[in-house]
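Q: Before anything else, here's the structure in question.
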Amino acid sequence: MNTTKLLVFLIITILTYLLSSCVTVYRPVVINSPVLQDKGEGNIAASIGLLGDGLYNLQSAYAVSDKLALMLNGMHHAKSYGSMSADSDKIRFFSVESGVGYFRNLNPAKSILFQCYTGPGLGRTKSINTGNSSTVDFSAYYASFFVQPGIAYTEDNFDAALDIKANYLWMYDIHGRLYSEFEFWNTESQQVNNMMLHLINLEPAITIRGGGKKIKGVFQSGLVIPLYKSKNYLVMNQFIKTSVGIYYTFNY
Numbered sequence: 042m043n044t045t046k047l048l049v050f051l052i053i054t055i056l057t058y059l060l061s062s063c064v065t066v067y068r069p070v071v072i073n074s075p076v077l078q079d080k081g082e083g084n085i086a087a088s089i090g091l092l093g094d095g096l097y098n099l100q101s102a103y104a105v106s107d108k109l110a111l112m113l114n115g116m117h118h119a120k121s122y123g124s125m126s127a128d129s130d131k132i133r134f135f136s137v138e139s140g141v142g143y144f145r146n147l148n149p150a151k152s153i154l155f156q157c158y159t160g161p162g163l164g165r166t167k168s169i170n171t172g173n174s175s176t177v178d179f180s181a182y183y184a185s186f187f188v189q190p191g192i193a194y195t196e197d198n199f200d201a202a203l204d205i206k207a208n209y210l211w212m213y214d215i216h217g218r219l220y221s222e223f224e225f226w227n228t229e230s231q232q233v234n235n236m237m238l239h240l241i242n243l244e245p246a247i248t249i250r251g252g253g254k255k256i257k258g259v260f261q262s263g264l265v266i267p268l269y270k271s272k273n274y275l276v277m278n279q280f281i282k283t284s285v286g287i288y289y290t291f292n293y
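Encoded structure:
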């Protein structure tokens, strides 16, 4: 790697870290693109969200027949911003997602694959902001339902997939404390309880895996395109998302 390429890599890495340091009340999971081909084949993947996605992601999938598969995904996001002596933010997320899918080889060489998964999800989020004069708490639960068609090219040591995930999100039991400061001695607060928020997002993503036949490195990049209540989503989250991780394939 020459000096120019190294400099570009460092700039992208720094920008990714800075852009991913926004406090939000929702994070999407990394898209699970299993690329299964035969009955008894399965895989497990662990990913770190760099931008837009949840921080820690664990994914799994297993083919119960030559056409049908099951998947189970989990995400945990925990970050703190600021310092103990100044304003600090702590956010915690946890979500799980399950699905059933159909896959089919499109050519005799089994190198081109169609796949489509669908299923529900559940999650919880909590955000705490501790400042010198006030503490803001926010918590909510959410349920989701997704449909995710995709197409993939696969070899023993390389996979590339394009998946488009349509995700409906229902946030409920929203509790928060809103502050309005007019003077430094005059702070009014309003408690918000039992609010609901509905969102529909379209999440196209490209997943690239490379390495050995069993163990591969994985990189994913995509977009989150709000189709409903777009302003509400973009206030809470970002338009671009990326992740990196490791992927293991097994046969049972």
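Under my numbering, think of the first position of the sequence shown as 42, with each following residue one higher.
Using N, Cα and C, we set each Cβ at its ideal position, and we do this for glycine too.
Model, not experiment: these values are computed from the prediction.
1) Tell me the residue span of the beta strand (DSSP E) that contains Glu196.
2) Which residue from Ile72, Val137, Leu163 puts its Cα closest to that of Phe260?
3) Taking the DSSP output, what are the residues bridged to Ala104?
4) Please report how far the alpha carbon of Phe280 lies from the alpha carbon of Gly90, in whole angstroms.
5) From Ser74 to Thr248, what distance separates their C-alpha atoms?
6) Please name the residue in Gly162, Phe179, Thr195 whose C-alpha comes closest to that of Ile169.
7) For Ser136 versus Val70, is the C-beta spacing smaller than 8 Å?
8) First and last residue of the beta strand (DSSP E) that includes Ser284?
9) What's the gap between the Cα of Lys282 and the Cα of Pro245?
10) Report all residues from its chain with a CB closer than 6 Å to the CB of Cys63; omit the five preceding and five following residues, and keep chain order.
11) How would you write the range of the beta strand (DSSP E) that Gly298 sits in, first residue to last?
12) In whole angstroms, give me the CA-to-CA distance for Val105 and Asn292.
A: The answer reads as follows:
1) Premise fails: Glu196 is in no beta strand (DSSP E) and is neither H nor E.
2) Measuring from the Cα of Phe260, the nearest candidate turns out to be Ile72.
3) In the DSSP output, where bridge partners are listed per residue, Ala104 has Ala110.
4) Distance between the alpha carbons of Phe280 and Gly90: 14 Å.
5) Each residue's alpha carbon lies about 7 Å from the other.
6) Selection Gly162, Phe179, Thr195 evaluated against Ile169 yields Phe179 as nearest (Cα-Cα).
7) Taking a C-beta distance under 8 Å as the contact criterion, Ser136 and Val70 qualify as a contact pair.
8) Annotation for Ser284: the continuous beta strand (DSSP E) segment containing it runs 281 to 292.
9) Going from the Cα of Lys282 to the Cα of Pro245 covers about 10 Å.
10) Confidence at Cys63 is low in this model, with a pLDDT of 46, below 50, so its placement is unreliable and the value that follows should be read with caution. Nothing meets the Cβ criterion.
11) Here the chain covers residues 42 to 293 and nothing more, so residue 298 does not appear.
12) Straight-line measurement puts the Cα of Asn292 at about 11 Å from the Cα of Val105.
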